[in-house]
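One structure is given here, and the rest of the page talks about it.
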Amino acid sequence: MSDRAEDFFAPVRSSLAGIVGLSLLGAVTGVVPFVAVVELARTLLPALDGGAVDERRVWAIVVIAVAALFVGFAAAFTSAMVAHLVDARLQLSLRQRIVRHLQRLPLGWFDTRTSGTVRKLVENDVTALHQLVAHAIQDVVTAIAVPVICTVYLFTVQWQLALAALLPLVFAMVLYVLMMRGGVEKYRQYESAIERLSGATVEFVHGIAVVKRFGQLGRSHRRYRDETRDYVHFIGQWTRDSAAWFSVVEMVTSPVVVLVYLVAVGAWLVSAGTAEPIDVLPGLLLGLGLTGPVVKLGTSGQFLRNATKAQQSLAGFLALPPVPQAASPRVPAGHDVDVEDVSFGYDEEHRVLHDIAVACRPGTVTALVGASGSGKSTLAKLVPRFYDVSQGRVSIGDADVREISSPELYRSVGFVFQDVQLLRTSLRDNIRLSRPDATDDEVERAARAAQIHDRILRFDRGYDAVVGDDANLSGGEAQRVTIARALLADPPILVLDEATAFADPDSEAAIQAALSALAAERTVLVIAHRLHTIVGVDQILVLDGGRGVERGSHTELVAAGGRFARMWADYQANHARSRPEGVHG
Ligand code: ADP
Ligand code: MG
Numbered sequence: 001m002s003d004r005a006e007d008f009f010a011p012v013r014s015s016l017a018g019i020v021g022l023s024l025l026g027a028v029t030g031v032v033p034f035v036a037v038v039e040l041a042r043t044l045l046p047a048l049d050g051g052a053v054d055e056r057r058v059w060a061i062v063v064i065a066v067a068a069l070f071v072g073f074a075a076a077f078t079s080a081m082v083a084h085l086v087d088a089r090l091q092l093s094l095r096q097r098i099v100r101h102l103q104r105l106p107l108g109w110f111d112t113r114t115s116g117t118v119r120k121l122v123e124n125d126v127t128a129l130h131q132l133v134a135h136a137i138q139d140v141v142t143a144i145a146v147p148v149i150c151t152v153y154l155f156t157v158q159w160q161l162a163l164a165a166l167l168p169l170v171f172a173m174v175l176y177v178l179m180m181r182g183g184v185e186k187y188r189q190y191e192s193a194i195e196r197l198s199g200a201t202v203e204f205v206h207g208i209a210v211v212k213r214f215g216q217l218g219r220s221h222r223r224y225r226d227e228t229r230d231y232v233h234f235i236g237q238w239t240r241d242s243a244a245w246f247s248v249v250e251m252v253t254s255p256v257v258v259l260v261y262l263v264a265v266g267a268w269l270v271s272a273g274t275a276e277p278i279d280v281l282p283g284l285l286l287g288l289g290l291t292g293p294v295v296k297l298g299t300s301g302q303f304l305r306n307a308t309k310a311q312q313s314l315a316g317f318l319a320l321p322p323v324p325q326a327a328s329p330r331v332p333a334g335h336d337v338d339v340e341d342v343s344f345g346y347d348e349e350h351r352v353l354h355d356i357a358v359a360c361r362p363g364t365v366t367a368l369v370g371a372s373g374s375g376k377s378t379l380a381k382l383v384p385r386f387y388d389v390s391q392g393r394v395s396i397g398d399a400d401v402r403e404i405s406s407p408e409l410y411r412s413v414g415f416v417f418q419d420v421q422l423l424r425t426s427l428r429d430n431i432r433l434s435r436p437d438a439t440d441d442e443v444e445r446a447a448r449a450a451q452i453h454d455r456i457l458r459f460d461r462g463y464d465a466v467v468g469d470d471a472n473l474s475g476g477e478a479q480r481v482t483i484a485r486a487l488l489a490d491p492p493i494l495v496l497d498e499a500t501a502f503a504d505p506d507s508e509a510a511i512q513a514a515l516s517a518l519a520a521e522r523t524v525l526v527i528a529h530r531l532h533t534i535v536g537v538d539q540i541l542v543l544d545g546g547r548g549v550e551r552g553s554h555t556e557l558v559a560a561g562g563r564f565a566r567m568w569a570d571y572q573a574n575h576a577r578s579r580p581e582g583v584h585g
């Protein structure tokens with residue numbers, strides 16, 4: 001971990017040392033005035049007995065105390081300023097690194113991550129580091145340095161009282177540790193209580209129709225009621241327990257209690273003849289300031305722990321291997337897509353694809369069909385290099401996709417996958433995402449080709465309607481927006497995964513028309529569950545358990561009487577009624 005930590009903080013290392021130095025200076029100068037008061041008292045003491053007072057010494061002490069005050073303010077101010085500057089620089093450089101790294105990761109990484117993961121990195125983790133640099137370092141240095149300096153000074157003056165002054169501190173620390181140890185367990189219980197409660201709530205709310213119909217309301221409602229009661233009971237218990245702990249810590253470290261305690265100890269030491277009255281004074285002044293900073297350390301400690309966790313998660317993210325780039329990238333010669341004896345698995349043990357071979361020519365449509373889980377999406381994702389094959393090769397224009405530079409590859413291959421991603425912005429900007437410089441005319445042309453233009457015009461604000469705001473789209477409509485987006489970029493190769501999966505018959509016909517338009521000059525690879533949508537495609541590859549089991553045109557495959565012929569017969573039997581009139585692939 002430590003070498004990774006160096007990596008993060010390397011650009012600001014000297015500034016961090018500066019912050020620590022300034023905080024130390026602030027801590028030392030913060031103690032000086034207290035020591036000055038003690039020394040002043042000691043110097044003035046002879047006056048009580050009518051003796052001579054060393055005036056030069058008095059003035060020297062006053063000057064030193066005032067100077068220390070000023071230096072202390074200056075140090076605190078400067079270190080706070082430096083901390084915030086460093087923090088801004090660190091955050092900027094971290095965010096830039098995260099974004100740069102995101103661009104270099106294999107697209108497959110995003111398959112299993114939500115935007116929440118990325119957001120956590122960019123927002124929460126960076127913020128946790130901000131807390132560390134901008135606040136916690138200074139607080140921690142002060143919280144440790146002040147008690148240490150005070151203790152050392154007290155021991156040089158009167159060791160018995162120094163020892164006594166340490167006692168509340170030790171007591172508070174022990175209590176704190178005890179409290180925290182129970183806290184971890186309690187927090188786990190708290191999270192599990194929340195989980196159970198939300199489970200019961202979801203069951204209660206979602207199942208209400210079913211539950212009502214089958215007369216199960218009593219049971220589900222009881223579970224919800226019991227979980228709620230348990231939760232309330234737990235929270236109440238926890239609050240009472242921790243309130244008790246907090247009160248004890250607060251009491252033991254409160255100035256009045258500490259002062260009374262120190263006065264008592266001091267009085268006892270003086271009456272026993274162990275200490276001079278004047279030597280008790282520093283113990284009273286400084287002993288009072290020992291515990292405060294340490295209690296504050298508890299909060300800073302939380303920041304430190306968060307920062308450490310954040311740093312580990314950021315380091316783990318930045319250590320993810322980027323997509324390997326070829327040393328001398330190749331430019332595809334043409335737009336044939338060839339899958340040659342490809343095997344692939346998401347992990348070492350489980351092969352998902354076995355020895356797949358298929359050749360897709362420009363101007364043709366190749367369809368992948370097969371049961372759910374047969375590997376269709378996986379195969380489709382190998383073309384835009386979401387993942388790298390384990391064996392064999394995927395090539396575009398005879399160049400292995402691993403040898404093509406990423407920008408070139410993304411220019412060549414457009415893809416529309418199952419999980420339609422629309423941003424919460426205008427429809428126009430959603431379509432324009434693939435080519436930000438496209439004119440409104442071009443956006444509209446793409447939308448027409450994707451059969452979504454008319455639907456968009458039905459929104460009051462048309463292309464300016466904002467997704468999720470005043471533009472609510474069905475699954476099929478949303479998919480056609482992403483098809484328009486892919487079309488606008490005008491890639492020579494297009495990969496479409498289950499483009500008709502959500503579609504109602506109307507939009508299915510529309511997507512059919514859109515697909516035919518797409519295929520004109522392109523190499524198209526589609527995955528479709530509704531077999532009638534691919535009747536007219538140039539070739540169909542049938543997948544079964546990650547193997548290519550049949551390949552040919554619709555007519556050929558039906559005539560062959562194999563697996564596809566059976567799928568087709570089943571499909572017709574099940575879908576004959578729901579099939580829209582007059583639509584033939
Ligand atoms: P299809 O699209 O034909 O339904 P997929 O290509 O999605 O099939 O899945 C093929 C197999 O790979 C399935 O067993 C699935 O569980 C597995 N799989 C799909 N995506 C991932 C992933 N990101 N990580 C691990 N396994 C996956
Ligand atoms: Mg799939």
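Going by the UniProt record's numbering, the first residue of the sequence shown is number 1, and it counts up by one from there. Here a beta-carbon is modelled for each residue, glycine too, at the ideal position from N, C-alpha and C. Since the model is a prediction, treat every value here as computed from it, not as a measurement.
Does DSSP put residue i in a helix, in a strand, or in coil?
i, result
"Ser-395", "strand"
"Ala-264", "helix"
"Phe-415", "strand"
"Ser-405", "coil"
"Asp-341", "strand"
"Val-184", "helix"
"Asp-570", "helix"
"His-354", "strand"
"Ala-134", "helix"
"Asp-336", "coil"
"Ala-359", "strand"
"Val-495", "strand"
"Ala-327", "coil"
"Val-270", "helix"
"Glu-349", "coil"
"Phe-117", "The identity of residue 117 in the sequence shown is Thr, whereas the question assumes Phe. Thr-117 falls in the helix class under three-state DSSP."
"Leu-161", "helix"
"Glu-477", "helix"
"Gln-421", "coil"
"Glu-195", "helix"
"Phe-386", "coil"
"Asp-490", "coil"
So who's on the other strand from residue i, going by DSSP bridges?
i, result
"Arg-551", "Leu-541"
"His-532", "DSSP, once it has assigned bridges, lists no residue as partnering His-532."
"Gly-370", "Leu-543"
"Val-365", "Val-524"
"Asp-429", "For Asp-429, which the question treats as bridged, DSSP gives no partner whatsoever."
"Asp-400", "Ser-395"
Can you list, in chain order, the residues of its chain whose CB lies under 7 Å from that of residue i, leaving out five sequence neighbours each side?
i, result
"Val-265", "Leu-161 and Ala-164"
"Phe-34", "Leu-285 and Leu-286"
"Leu-281", "Val-38 and Ala-41"
"Val-352", "Phe-344, Gly-345, Tyr-346, Gly-375, Thr-378 and Gly-546"
"Ile-431", "Val-443, Ala-446, Ala-447, Val-481, Ala-484, Arg-485 and Leu-488"
"Thr-97", "Rather than Thr, the amino acid found at residue 97 in this sequence is Arg. So the list reads Leu-318, once near-sequence residues are dropped."
"residue 596", "Outside the displayed span of the chain (1 to 585) sits residue 596, for which this structure offers no information."
"Ala-5", "Since pLDDT at Ala-5 reaches only 49, below the 50 mark, its modelled position is unreliable, and no value is offered."
"Arg-104", "Pro-322 and Val-323"
So, at 8 Å on beta carbons, what are the nonlocal neighbours of residue i in its own chain, with the 5 sequence-adjacent residues on each side left out?
i, result
"Glu-408", "Pro-329, Val-331 and Pro-332"
"His-335", "Pro-362, Ile-396, Gly-397, Ser-412, Pro-492, Ile-493, Arg-522 and Thr-523"
"Val-20", "Ile-137 and Val-141"
For residue i, collect the residues of the same chain with a Cβ closer than 6 Å to its Cβ; drop the 5 residues on either side in sequence, then sort them by chain order.
i, result
"Ala-465", "Leu-427, Phe-459 and Ala-471"
"Val-72", "Going by the sequence as given, residue 72 is Gly instead of Val. If we look at Gly-72 and ignore the five residues flanking it on each side, its Cβ neighbours are Gly-26, Thr-29 and Gly-30."
"Phe-564", "Val-542, Glu-550 and Leu-557"
Legend entry - 4 or more residues per run - each alpha helix (DSSP H) lying fully within the stretch 11 to 87: 13 to 44
Legend entry - Contact the stretch 423 to 437 vs the stretch 376 to 393: 3+ CB pairs below 8 Å: no
Inset, instruction - Kindly provide the ranges of any alpha helix (DSSP H) runs that are 4 or more residues long and lie completely inside the stretch 439 to 471, ordered along the chain. - result: 440 to 449 and 453 to 457
Legend entry - At least 3 beta-carbon pairs within less than 8 Å: the stretch 448 to 460 vs the stretch 475 to 486: yes
Inset, instruction - Flag this pair as touching only if the stretch 252 to 266 and the stretch 127 to 139 have three or more C-beta atom pairs under 8 Å; answer yes or no. - result: no
Legend entry - By C-beta, the residues closer than 6 Å to any heavy atom of ligand 3, given in chain order: As far as ligands go, the structure on display features ligand 1 and ligand 2 and does not contain ligand 3.
Inset, instruction - Decide yes or no for the touch test of the stretch 171 to 182 against the stretch 236 to 249: beta carbon pairs closer than 8 Å, at least 3 of them. - result: yes
Inset, instruction - Assess, as a yes-or-no matter, whether the stretch 378 to 394 is touched by the stretch 304 to 318 under the definition of 3 or more beta carbon pairs within less than 8 Å. - result: no
Inset, instruction - Indicate whether the contact test is met: 3 or more Cβ pairs, each with one atom in the stretch 106 to 113 and one in the stretch 58 to 71, closer than 8 Å. - result: no
Inset, instruction - Tell me, please, whether the stretch 183 to 193 touches the stretch 145 to 158 by the rule of three or more beta-carbon pairs shorter than 8 Å. - result: no
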